[in-house]
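Student:
Protein chains: 2
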Amino acid sequence: MKQEELPEGYKPLDLVSLKTYLASLPHVAERLRGEPKSWTVNEVGDGNLNLVFKVHGPGGGIAVKQALPYVRLVGESWPLPLNRSHYEHLALMEQSRLAPNLVPKVYHHDQRMALIVMELFEPHIIMRRGMIEGRRYDRFADHISTFMARTLYLTSDLALTADRKKALIASFAGNTALCKITEDLIFTEPYMSAPNNRWTSPYLDELASDFRNDSTLKGAVSRLKLKFMSSPEALIHGDLHTGSVMVTEQDTRVIDPEFAFMGPMGFDIGAMIANFFLNYLAQDGHEERLGQREAYRRWVLETTQQIWAEFQSKFLGLWRSNATGDAYRPALFEGAAGQLQLESERSLYMRKLFVDMLGFAAAKMIRRILGLAHNIDFEWIQDKCLRAACEARALELARGMMINAEGLTSLAHICEEASQLRKWQPQFH
Amino acid sequence: MKQEELPEGYKPLDLVSLKTYLASLPHVAERLRGEPKSWTVNEVGDGNLNLVFKVHGPGGGIAVKQALPYVRLVGESWPLPLNRSHYEHLALMEQSRLAPNLVPKVYHHDQRMALIVMELFEPHIIMRRGMIEGRRYDRFADHISTFMARTLYLTSDLALTADRKKALIASFAGNTALCKITEDLIFTEPYMSAPNNRWTSPYLDELASDFRNDSTLKGAVSRLKLKFMSSPEALIHGDLHTGSVMVTEQDTRVIDPEFAFMGPMGFDIGAMIANFFLNYLAQDGHEERLGQREAYRRWVLETTQQIWAEFQSKFLGLWRSNATGDAYRPALFEGAAGQLQLESERSLYMRKLFVDMLGFAAAKMIRRILGLAHNIDFEWIQDKCLRAACEARALELARGMMINAEGLTSLAHICEEASQLRKWQPQFH
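Top line first, the protein sequences correspond to chains Z and L.
Each residue of the first sequence is one higher than the last, beginning at 1 in this note's numbering.
Each residue of the second sequence is one higher than the last, beginning at 1 in this note's numbering.
1) Taking contact to mean at least 3 C-beta pairs separated by less than 8 Å, is the region 337-354 of chain L in contact with the region 364-376 of chain L?
2) Go ahead and pull the three-state DSSP assignment for L:T20.
3) Within 10 Å of its beta-carbon, does Z:A295 have 16 or more other beta-carbons around it, so buried, or fewer, so exposed?
4) Does the pairing of the region 286-293 of chain Z with the region 182-195 of chain Z give three or more beta-carbon distances under 8 Å?
5) Could you say if the region 246-263 of chain L and the region 155-174 of chain L meet the contact criterion of at least three C-beta pairs nearer than 8 Å?
6) With 16 other CB atoms within 10 Å as the buried threshold, where does Z:G60 fall?
7) Going by other Cβ atoms of all chains shown within 10 Å of its Cβ, with 16 needed for buried, is Z:P190 buried or exposed?
8) Could you work out which residues of chain Z lie near L:S215, taking near to mean beta carbons separated by less than 8 Å?
9) Where do the N-terminal and C-terminal ends of the alpha helix (DSSP H) with Z:I186 fall, by residue?
10) Quick one: measure Cβ to Cβ for L:I273 and L:M402, integer angstroms, because I've assumed they're closer than 8 Å.
11) Is it buried or exposed for Z:G219, if we count other Cβ within 10 angstroms and need 16 for buried?
12) Using only alpha-carbon positions, find the residue among Z:H429, Z:N213, Z:N375, Z:A394 that is nearest to Z:L421.
13) In chain order, what residues of the same chain have a beta carbon less than 7 Å from the beta carbon of L:R54, not counting five sequence neighbours either side?
14) Given that Z:Y191 touches chain L, what residues does it touch there, using C-beta distances under 9 Å?
15) For chain Z, find out if any of its Cβ atoms is closer than 9 Å to the Cβ of L:Y328; answer yes or no.
16) Please report the distance separating the alpha-carbon of Z:E379 from that of Z:R139.
17) May I ask you to list the residues that DSSP assigns as paired with L:G263?
18) Taking Z:F267 as the reference, give the member of Z:H241, Z:Q341, Z:V16 with the closest Cα.
19) Quick test of your reading: Z:Y203 and Z:C385, contact by CB under 8 Å. State the CB separation rounded to the nearest angstrom.
20) May I ask you to list, following chain order, the residues of the region 169-190 of chain Z that have a beta carbon less than 7 Å from some beta carbon of chain L?
21) Could you round the C-beta distance between L:W319 and L:L158 to whole angstroms and report it? I think they count as a contact, below 8 Å.
22) Taking a cut of 9 Å between CB atoms, which residues from the region 134-162 of chain Z lie near chain L?
23) Indicate the three-state DSSP secondary structure (helix, strand or coil) for Z:T252 in the structure shown.
24) Which residues in the same chain as Z:S145 place their Cβ atom closer than 6 Å to its Cβ, once the five residues preceding and following it in sequence are excluded?
25) What is the C-beta distance between Z:L6 and Z:P69, in whole angstroms, given that I count them as a contact (C-beta under 8 Å)?
26) Which one of Z:L73, Z:A388, Z:A173 has the shortest CA to CA distance from Z:L90?
27) Applying the criterion that 16 or more other CB atoms from any shown protein chain within 10 Å of the CB defines a buried residue, is Z:D256 buried or exposed?
28) Would L:E258 and L:K225 qualify as a contact pair, given that the criterion is a beta-carbon distance under 9 Å?
29) Rounded to a whole number of angstroms, what is the C-alpha to C-alpha distance between Z:P36 and Z:V16?
30) Check the Cβ-Cβ distances between Z:M229 and every residue of chain L, and say whether any is below 9 Å.
31) Kindly indicate if chain L contains any beta-carbon less than 9 Å away from that of Z:E406.
32) Going by DSSP, name the residue or residues bridged to Z:T40.
33) With a threshold of 9 Å between beta carbons, is L:A167 in contact with chain Z?
34) Go to Z:W78, then tell me how far its beta strand (DSSP E) extends in each direction, as first and last residue.
35) So, helix, strand or coil for L:I381, using DSSP?
Rendered as structure tokens:
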């Protein structure tokens with residue numbers, strides 16, 4: 001992209017210009033302390049879309065995230081609006097109010113530069129990397145279920161009056177470019193021939209073709225897509241996989257909410273459990289000896305179930321104690337019969353959310369194997385044939401979840417299914 | 001409301017100041033022709049909310065609608081924002097683009113005065129009055145199904161790209177005060193003790209109390225309310241009853257879309273068939289001799305079924321020929337198997353819409369009998385005991401529709417139920 005095509009006031013920073021920029025922000029410079037020349041700057045990227053710098057000074061560290069006017073993963077041929085930084089900032093403000101200590105503090109936001117200066121987490125690592133190494137995070141289920149229950153419940157019709165809810169919908173309505181990435185890459189392209197698609201070839205050629213020709217699956221994924229586009233249930237993170245979480249054994253921080261908008265709650269919870277299933281089925285490719293990761297695999301499946309169980313319990317707890325929204329008004333459900341009915345409505349609501357979660361989880365699993373963006377959980381398996389076997393199992397698990405979502409009643413059952421699938425040795429032609 | 005509390009630039013017009021105002025608009029004055037003193041002005045009201053004037057000059061007539069800063073039906077104690085005129089204008093612009101000749105042309109819009117100058121329809125009458133008199137409108141089902149199919153389909157995810165759809169959601173997101181009227185008066189208050197409620201007392205006291213104590217019904221209506229608040233499927237009129245339609249035998253015009261917002265399609269279709277059922281069950285109170293209205297009643301039920309049948313057929317026709325939206329992308333359903341699957345998705349979609357329609361229709365029927373705003377279909381029945389009997393039948397029909405919506409498969413069946421209910425003579429204590 002040529003310099004003259006960039007929006008006014010915007011300039012991508014580099015290791016040198018970043019220091020000058022930060023030095024001009026007194027409260028940031030004060031946090032780093034010392035002279036700019038004493039600061040160290042590293043560009044670490046965040047994978048697919050942006051510039052990310054870690055900056056250290058004598059006083060401490062900060063992270064700086066700047067949007068690029070194109071998709072970094074693909075290049076300048078795929079433009080992407082800088083206003084996503086505005087939505088990320090807006091989401092971070094909401095999330096830090098609703099789930100403090102689970103997201104980064106923002107120190108500075110520059111809308112024209114599409115840049116956010118925020119808290120740097122050390123010695124945290126990206127959770128996906130930890131899980132590939134087989135590290136346990138025993139506090140994670142508690143933390144992430146709190147994050148999801150609070151950010152989703154407290155921005156829903158159960159907690160907000162209708163006017164405040166609609167104002168929130170309107171304030172995120174412009175984040176369409178990032179929604180479109182999801183609409184195309186998750187809900188459409190993996191089910192048709194599209195130049196963005198890739199998979200572990202030639203092993204998965206046949207399975208990929210099966211998926212492109214599975215009409216039932218196309219119907220199911222199209223209903224999910226419509227739900228994604230047209231269900232502003234709550235402020236969702238929009239990209240809540242294990243790559244958007246920084247962890248230590250004690251601490252959990254959710255980052256990168258630039259895909260945030262008012263959408264279906266099941267999409268966030270589904271994204272999280274999808275990535276647990278993917279990691280579970282990838283472990284066979286990371287074992288140094290057979291069975292080495294058996295205990296870890298058990299932890300992954302237990303944690304998957306715990307995430308939903310704790311989410312459900314916290315969400316319902318908020319509903320029972322904080323029914324401040326216009327939906328299911330308590331005044332309508334007074335007395336013993338009313339209370340019973342309201343509990344039955346709550347069960348119905350959670351059941352619907354569970355079904356949504358399974359469908360969205362399945363879509364997220366399939367796109368990571370047949371679509372554009374893949375997971376290092378699988379990509380780092382060197383033996384391509386072994387990798388393809390792990391991926392084939394994940395595809396089968398996901399297909400069943402998507403098609404049978406309405407009939408499935410417990411995560412334990414799906415975990416059992418995942419564990420059975422490990423015994424399946426796909427024959428590749 | 002005191003003069004000094006009115007928004008700047010706003011002043012309610014009267015028979016005299018209206019002439020001065022219109023004379024200052026050259027293109028409007030030109031339409032009326034002659035001197036202002038030769039114009040005749042009548043204030044006709046529109047029932048519940050606004051000032052409505054009919055103005056005639058030597059050149060023709062116009063209608064002028066001005067919002068008042070309070071609910072006219074209730075008085076100055078219930079304030080209502082003037083910006084509803086902005087949303088009405090916005091909706092009229094969309095509707096006249098999508099369904100030309102089925103809505104009034106707008107000649108002038110003054111946002112500060114909360115005023116719209118528009119086409120005057122003569123010799124049209126409000127359809128509800130015609131139906132109370134037993135007049136047939138044989139072209140109505142065709143016209144209203146076109147209006148609904150086109151305004152709903154063409155503003156849905158089936159016709160619009162996701163970004164245009166979200167922009168439309170945002171542009172109507174501020175019409176919250178009018179949505180709240182619906183949320184409170186339709187989906188909440190009739191099911192609890194509320195000062196706004198009234199019913200034909202003492203005859204319906206017991207039934208009203210039954211409804212306030214029916215937990216199953218409260219659960220069902222709460223799910224409908226959530227759907228109303230949280231399903232921006234399409235641009236809905238929001239108040240599409242027979243009082244919002246002006247008709248002759250040949251012509252149909254839908255007016256008063258000030259409740260418009262991006263909501264569930266079933267709410268509009270449900271409002272229309274609800275008012276047909278109410279009129280049907282009110283006919284016993286308007287007969288001069290037993291059986292006098294038998295043929296008319298048959299027409300009402302046939303037309304009710306025709307409205308849905310033609311709506312469905314036109315909506316599906318648009319879907320098959322105009323699939324320009326991001327939902328159910330045709331590229332995903334190529335080939336014979338894909339086409340079959342897409343048709344099966346369309347059936348599923350229409351089935352869901354049918355169920356929504358029944359639930360919303362039931363809610364609209366109940367509110368007109370137990371809530372604040374009643375229908376003249378019933379109110380004009382002088383014999384209160386007879387009126388209560390008609391209303392009780394409508395309440396029972398509605399209760400069944402709301403609770404069993406998911407199990408009901410055809411409107412013919414519900415029409416049969418309505419016809420059976422006429423034989424029921426409620427015993428009032």
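Where a beta carbon is used, it is the ideal one built from N, C-alpha and C, also for glycine.
Tutor: Answer, in terms of the structure:
1) Touching, no.
2) The residue labelled residue 20 of chain L in the question sits at position 20 within the second sequence. In the structure shown, L:T20 sits in a helix (DSSP, three-state: H, G or I).
3) Translated into positions along the first sequence, residue 295 of chain Z becomes position 295. When all chains shown are included, Z:A295 counts as exposed.
4) No: fewer than three Cβ pairs fall under 8 Å.
5) Counting C-beta pairs closer than 8 Å gives three or more between the region 246-263 of chain L and the region 155-174 of chain L, which meets the contact rule.
6) Translated into the one-based positions of the first sequence, residue 60 of chain Z becomes position 60. Classification for Z:G60: exposed.
7) Within the first sequence, the letter at position 190 stands for residue 190 of chain Z. Burial is judged here by how many other beta carbons sit within 10 angstroms of a residue's own beta carbon; Z:P190 has at least 16 and is buried.
8) On the second sequence, residue 215 of chain L is found 215 positions in, with the first residue counted as 1. L:S215 reaches chain Z at F333, A337, G338, L340, Q341, counting residues in chain order whose Cβ is nearer than 8 Å.
9) Working through the first sequence from its first residue, we reach residue 186 of chain Z at position 186. No alpha helix (DSSP H) contains Z:I186, which DSSP labels as neither H nor E.
10) The sequence position of residue 273 of chain L within the second sequence is 273, counting from 1. The sequence position of residue 402 of chain L within the second sequence is 402, counting from 1. That belief does not hold up - the Cβ atoms of L:I273 and L:M402 are roughly 13 Å apart, past 8 Å.
11) Your numbering for residue 219 of chain Z matches position 219 in the first sequence. Here Z:G219 is buried. Its C-beta has 16 or more other C-beta atoms within 10 Å.
12) Taking the first sequence and counting its residues from 1, one reaches residue 421 of chain Z at position 421. Z:L421 has its Cα closest to that of Z:A394, out of Z:H429, Z:N213, Z:N375, Z:A394.
13) Position 54 of the second sequence, counted from the start, is the residue given in the question as residue 54 of chain L. Residue identity differs from the one stated: residue 54 of chain L is Lys in this sequence, not Arg. Cβ neighbours of L:K54 within its own chain (closer than 7 Å, five residues either side excluded): N42, V44, G61, A63, L120.
14) Position 191 of the first sequence, counted from the start, is the residue given in the question as residue 191 of chain Z. Around Z:Y191, the beta-carbon contacts reaching into chain L at under 9 Å are L332.
15) Along the second sequence, read from residue 1 onward, the residue named residue 328 of chain L stands at position 328. By this cut-off, L:Y328 is an interface position.
16) Here residue 379 of chain Z is taken as the residue at index 379 of the first sequence, counted from 1. Here residue 139 of chain Z is taken as the residue at index 139 of the first sequence, counted from 1. Using only the alpha carbons, I get a separation of about 27 Å.
17) As a first step, residue 263 of chain L must be located in the second sequence, where it is residue number 263. Beta-bridge partners assigned by DSSP to L:G263: L:A234.
18) Counted from its first residue, the first sequence places residue 267 of chain Z at position 267. Among Z:H241, Z:Q341, Z:V16, the Cα nearest to that of Z:F267 is on Z:H241.
19) Reading the first sequence from its first residue, position 203 is the one you call residue 203 of chain Z. Reading the first sequence from its first residue, position 385 is the one you call residue 385 of chain Z. Right, the Cβ-Cβ distance comes to about 6 Å (below 8 Å), so this counts as a contact.
20) Of all residues in the region 169-190 of chain Z, only I169, A170, A173, T176, C179, K180, E183, T188 place a beta-carbon less than 7 Å from a beta-carbon of chain L.
21) As a working mapping, residue 319 of chain L is identified with position 319 in the second sequence. As a working mapping, residue 158 of chain L is identified with position 158 in the second sequence. About 6 Å separates the two Cβ atoms, so the contact holds.
22) Answer set for the region 134-162 of chain Z: S156, D157, L158, T161, A162.
23) Locating residue 252 of chain Z in the first sequence gives position 252, where the first residue counts as 1. For Z:T252, the three-state secondary structure derived from DSSP is strand.
24) Along the first sequence, read from residue 1 onward, the residue named residue 145 of chain Z stands at position 145. Taken in chain order, the residues that qualify are I307, E310, F311, K314.
25) In the first sequence, residue 6 of chain Z corresponds to position 6, counting from 1. In the first sequence, residue 69 of chain Z corresponds to position 69, counting from 1. 7 Å between Cβ atoms; contact.
26) Locating residue 90 of chain Z in the first sequence gives position 90, counting from the first residue. Out of Z:L73, Z:A388, Z:A173, Z:A173 has the C-alpha closest to the C-alpha of Z:L90.
27) As a first step, residue 256 of chain Z must be located in the first sequence, where it is residue number 256. Its Cβ being crowded by 16 or more others within 10 Å, Z:D256 is buried.
28) Residue numbering aside, residue 258 of chain L sits at position 258 when the second sequence is read from its first letter. Residue numbering aside, residue 225 of chain L sits at position 225 when the second sequence is read from its first letter. Against a cut-off of 9 Å, the Cβ pair of L:K225 and L:E258 comes out as no contact.
29) Taking the first residue of the first sequence as 1, we reach residue 36 of chain Z at position 36. Taking the first residue of the first sequence as 1, we reach residue 16 of chain Z at position 16. The straight-line gap from Cα to Cα measures roughly 10 Å.
30) For the purposes of this step, residue 229 of chain Z is taken as the residue at position 229 of the first sequence. At least one CB of chain L lies nearer than 9 Å to the CB of Z:M229.
31) What you label residue 406 of chain Z is simply residue 406 of the first sequence in a count that begins at 1. Closer than 9 Å: no.
32) Mapped onto the first sequence, residue 40 of chain Z falls at position 40. Under DSSP, Z:T40 forms a beta bridge with Z:H56.
33) Position 167 of the second sequence holds residue 167 of chain L. Using beta-carbon distances, L:A167 counts as an interface residue toward chain Z, with a partner under 9 Å.
34) Position 78 of the first sequence, counted from the start, is the residue given in the question as residue 78 of chain Z. Here the beta strand (DSSP E) through Z:W78 covers 75-79.
35) Here residue 381 of chain L is taken as the residue at index 381 of the second sequence, counted from 1. Taken through DSSP and simplified to helix, strand or coil, L:I381 comes out as coil.
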